[in-house]
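Visitor: Chains as they are written, first to last, in the numbering used here: chain B, 1370 to 1595; chain E, 1370 to 1595.
Every residue, glycine too, gets a C-beta built ideally from N, C-alpha and C.
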DNA sequence: ATAAATTATTAGTCGTGGCTAATTTATTTA
DNA sequence: TAAATAAATTAGCCACGACTAATAATTTAT
């Protein structure tokens, strides 16, 4: 039998939570609960089931980690999500702030065959509309060497390569100031204490909240902008 | 709250069951059970819920019939299903025998917005890959004046306009003998007692089982073939 | 080292949507 | 008309995946 929507969502969440913290510790059930917006007790129960089915390993008070089988399933869901997003933008006129909601539902409904048909129709894209890499059919995912805009020094000229986890509203705002994938951004100044950044996008100056700037991932090899 | 997958499936089934028998009687719970492949007792319970929610009217031992709201929802599901099927064939290289299974799942996952985007991308098609009419956004559906091939006399030359409810295997067989939407078919002979029909499709002669022939809907205004 | 805070678990409940078995109601048929 | 058959319902069960409330275990801070 194939995994339920709930299981798919749990595995995807665990993957995303263990991704940044490089392997050191397991993912806490509380983190999963908060990410999925459900009660901790519900997570406890589900983790037990995931462990029984071989998707995760679990040690109480230490955390959860994905097994190979769990990681494969998580990556499959991420692939589905990102291919769908890219397809909606490229072929059905969606804007980048409209695709997440739709993909969140569709990823549980599409077959592998359909995902691959979309992926091929698009010419095997490597990235989704937010610049996130699309895992290939075997779950291989491109390692990106990106840094958040906030880590650059004043005066840096960089190219926008990816936007992480922003709400539709924030994405619309970023569009409205002219930002899109590949945009050239000049970092004019950084206010202290993680304050706002002043950035230049195509002749125009904008103040950007620190947390939003931290979601803008740009290429380390600067000066791709001409 | 929006309807669950189960409710959507029930309403679609009831719609399809009450469609041919023009309004006279209600749809029996046993018919619904057999169509959905579930137990009659389960249907009894669900019908109660559907009635509470205003989707159907129900009189025990008489039958179920859709209310206006139930009919709208059913037609919305049928529209989704058929738009998806047409999109898969036209834009993603699916064959007509492969689309039903995929659409059956996707119809519960796509938004109205996505269905309309697909429909517009296709140029507002009026029919799906099997020749079934696609309801418009308001649930209006084109009345077709088609008759099954079995009702024609020997010698009739007709054009294939629609194929009803055939399995993927049967659809593949029909493809393999050269039949597709719009194909010209000459009815050479009909064996008695609902026996097989001999038909000619592009110079080739084939014997066709009566029940399969009865699923081939052709245009009443014959001789569209040249 | 003990108190406080965090983390996790257990027990018991709920809604959804299936199931079987037993029963009731209608309809046929003999 | 009575018996057989068919159709529908009720009662009681199950799995899934959520919930709250109460409890237990582990860290962290004082």
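With a threshold of 7 Å between beta carbons, is residue 1473 of chain E in contact with chain B?
Guide: Sequence index remark: in the second chain, residue 1473 of chain E carries index 104 (1-based). Output row for residue 1473 of chain E: interface = no.
Visitor: Could you tell me the distance, in whole angstroms, from the CA atom of residue 1447 of chain B to the CA atom of residue 1502 of chain B?
Guide: What you label residue 1447 of chain B is simply residue 78 of the first chain in a count that begins at 1. What you label residue 1502 of chain B is simply residue 133 of the first chain in a count that begins at 1. When rounded, the distance between both Cα atoms is 9 Å.
Visitor: With respect to 6 Å, is the separation between the Cβ of residue 1490 of chain B and the closest non-hydrogen atom of the ligand SAH below this value?
Guide: Among the components of this structure there are no ligands whatsoever, and the ligand SAH is therefore not found.
Visitor: To the nearest angstrom, how far is it from the Cα of residue 1412 of chain B to the Cα of residue 1382 of chain B?
Guide: Taking the first chain and counting its residues from 1, the one referred to as residue 1412 of chain B is at position 43. Taking the first chain and counting its residues from 1, the one referred to as residue 1382 of chain B is at position 13. Rounded to whole angstroms, residue 1412 of chain B to residue 1382 of chain B spans 12 Å at the Cα level.
Visitor: If we cut at 7 Å on Cβ distances, does residue 1375 of chain E have a partner in chain B?
Guide: Here the question's residue 1375 of chain E lines up with position 6 in the second chain. No, residue 1375 of chain E lies away from the interface with chain B (no Cβ there is under 7 Å from its Cβ).
Visitor: Kindly indicate the opening and closing residues of the alpha helix (DSSP H) around residue 1400 of chain E.
Guide: Within the second chain, the letter at position 31 stands for residue 1400 of chain E. It spans 1398-1405 - the alpha helix (DSSP H) in which residue 1400 of chain E sits, taken as one unbroken run.
Visitor: Is residue 1371 of chain E close to chain B? Criterion is C-beta to C-beta, closer than 7 Å.
Guide: Stepping through the second chain from its first residue, residue 1371 of chain E is reached at position 2. By this cut-off, residue 1371 of chain E is not an interface position.
Visitor: Just tell me which of E:1416, E:1395, E:1563 and E:1577 has its CA closest to the CA of residue 1597 of chain E.
Guide: What is shown of chain E runs 1370 to 1595, which leaves residue 1597 of chain E out entirely.
Visitor: Which residue or residues does DSSP assign as beta-bridge partners of residue 1553 of chain B?
Guide: As a first step, residue 1553 of chain B is located in the first chain; it is residue number 184 there, counting from the start. Bridge partners of residue 1553 of chain B: B:1528.
Visitor: Out of curiosity, what's the CA-to-CA distance linking residue 1519 of chain E and residue 1561 of chain E?
Guide: As a first step, residue 1519 of chain E must be located in the second chain, where it is residue number 150. As a first step, residue 1561 of chain E must be located in the second chain, where it is residue number 192. Answer to the nearest angstrom: the Cα atoms are 11 Å apart.
Visitor: Once the 5 residues before and after residue 1557 of chain B are set aside, which same chain residues still bring their CB inside 6 Å of it?
Guide: Here residue 1557 of chain B corresponds to residue number 188 of the first chain, with the count starting at 1. If we look at residue 1557 of chain B and ignore the five residues flanking it on each side, its Cβ neighbours are 1567 and 1569.
Visitor: Does the separation of the CB atoms of residue 1466 of chain B and residue 1540 of chain B fall below 7 Å?
Guide: Taking the first chain and counting its residues from 1, one reaches residue 1466 of chain B at position 97. Taking the first chain and counting its residues from 1, one reaches residue 1540 of chain B at position 171. Yes, the pair counts as a contact, with Cβ atoms nearer than the cut-off.
Visitor: Say whether chain B places a C-beta atom closer than 7 Å to the C-beta of residue 1491 of chain E.
Guide: Here residue 1491 of chain E refers to the residue found at position 122 of the second chain. Not one chain B Cβ lies under 7 Å of residue 1491 of chain E.
Visitor: Between the region 1481-1512 of chain B and chain E, which residues of the former have a C-beta closer than 8 Å to a C-beta of the latter?
Guide: Flagged, chain order: 1482, 1483, 1486, 1487 and 1490.
Visitor: Grab the span of the beta strand (DSSP E) containing residue 1432 of chain E for me, first residue to last.
Guide: By 1-based counting over the second chain, the position of residue 1432 of chain E is 63. Residue 1432 of chain E -> beta strand (DSSP E) spans 1432-1435.
Visitor: Find the residues of chain E that neighbour residue 1450 of chain B, judging by a C-beta separation of less than 7 Å, and give them in chain order.
Guide: As a working note, residue 1450 of chain B is residue 81 in the first chain. Result: empty, since nearest Cβ-Cβ is about 13 Å, beyond 7 Å.
Visitor: Roughly how many whole angstroms lie between the Cα atoms of residue 1516 of chain B and residue 1531 of chain B?
Guide: If you number the first chain from 1, residue 1516 of chain B lands on position 147. If you number the first chain from 1, residue 1531 of chain B lands on position 162. About 10 Å.
Visitor: When DSSP labels each residue in this structure, what does residue 1427 of chain B get in the three-state scheme?
Guide: Taking the first residue of the first chain as 1, we reach residue 1427 of chain B at position 58. Three-state result, residue 1427 of chain B: strand.
Visitor: Alpha carbon to alpha carbon, what distance is there between residue 1473 of chain B and residue 1455 of chain E?
Guide: Taking the first residue of the second chain as 1, we reach residue 1455 of chain E at position 86. Taking the first residue of the first chain as 1, we reach residue 1473 of chain B at position 104. Going from the Cα of residue 1455 of chain E to the Cα of residue 1473 of chain B covers about 23 Å.
Visitor: Answer with yes or no whether the minimum CB distance from residue 1435 of chain E to chain B is below 7 Å.
Guide: Working through the second chain from its first residue, we reach residue 1435 of chain E at position 66. With 7 Å as the cut-off, residue 1435 of chain E does not count as an interface residue toward chain B.
Visitor: Which one of B:1572, B:1434 and B:1496 has the shortest CA to CA distance from residue 1512 of chain B?
Guide: Taking the first residue of the first chain as position 1, residue 1512 of chain B is located at position 143. Measuring from the Cα of residue 1512 of chain B, the nearest candidate turns out to be B:1496.
Visitor: If distances are taken between C-alpha atoms only, which option among B:1451, B:1428, B:1429 and B:1422 comes closest to residue 1437 of chain B?
Guide: Taking the first residue of the first chain as position 1, residue 1437 of chain B is located at position 68. When only C-alpha atoms are compared, the closest one is B:1422.
Visitor: Once DSSP output is grouped into helix, strand and coil, what is the label at residue 1574 of chain E?
Guide: The count along the second chain starts at 1 and reaches residue 1574 of chain E at position 205. Of the three classes helix, strand and coil, the one that applies to residue 1574 of chain E here is strand, per DSSP.
Visitor: Looking only at its own chain, which residues have a Cβ that is under 6 Å from the Cβ of residue 1533 of chain B, when we skip the five neighbours before and after it?
Guide: For the purposes of this step, residue 1533 of chain B is identified with residue 164 of the first chain, where counting begins at 1. Correct list, in chain order: 1584.
Visitor: Less than 8 Å between the CB atoms is what I'm expecting for residue 1490 of chain E and residue 1461 of chain B, so what's the real figure, rounded?
Guide: The residue labelled residue 1490 of chain E in the question sits at position 121 within the second chain. The residue labelled residue 1461 of chain B in the question sits at position 92 within the first chain. That belief holds up - the Cβ atoms of residue 1490 of chain E and residue 1461 of chain B are roughly 6 Å apart, short of 8 Å.
Visitor: If you measure from the beta carbon of residue 1478 of chain B to each beta carbon in chain E, is any gap under 7 Å?
Guide: Here the question's residue 1478 of chain B lines up with position 109 in the first chain. Chain E, which has a Cβ nearer than 7 Å to the Cβ of residue 1478 of chain B, makes this yes.
Visitor: Which partner residues of residue 1481 of chain E appear in the DSSP bridge assignment?
Guide: Taking the second chain and counting its residues from 1, the one referred to as residue 1481 of chain E is at position 112. None, per the DSSP bridge assignment.
Visitor: Can you name the residues that DSSP bridges to residue 1558 of chain B?
Guide: If you number the first chain from 1, residue 1558 of chain B lands on position 189. According to DSSP, residue 1558 of chain B bridges with B:1567.
Visitor: So with Cβ pairs under 7 Å, would you call residue 1461 of chain E a contact of chain B?
Guide: Here residue 1461 of chain E is taken as the residue at index 92 of the second chain, counted from 1. Yes, contact with chain B.
Visitor: List the residues that DSSP assigns as beta-bridge partners of residue 1588 of chain B.
Guide: In the first chain, residue 1588 of chain B corresponds to position 219, counting from 1. Bridge partners of residue 1588 of chain B: B:1515.
Visitor: Pull up the distance between the alpha-carbon of residue 1439 of chain E and that of residue 1486 of chain E, whole angstroms please.
Guide: For the purposes of this step, residue 1439 of chain E is identified with residue 70 of the second chain, where counting begins at 1. For the purposes of this step, residue 1486 of chain E is identified with residue 117 of the second chain, where counting begins at 1. C-alpha separation (whole angstroms): 24 Å.
Visitor: By how many angstroms is the C-alpha of residue 1370 of chain B removed from the C-alpha of residue 1418 of chain B?
Guide: Counting from 1 along the first chain, the entry for residue 1418 of chain B is found at position 49. Counting from 1 along the first chain, the entry for residue 1370 of chain B is found at position 1. Computed Cα separation, rounded: 14 Å.
Visitor: To the nearest angstrom, how far is it from the Cα of residue 1434 of chain E to the Cα of residue 1445 of chain E?
Guide: Indexing the second chain from 1 puts residue 1434 of chain E at position 65. Indexing the second chain from 1 puts residue 1445 of chain E at position 76. Distance between the alpha carbons of residue 1434 of chain E and residue 1445 of chain E: 17 Å.
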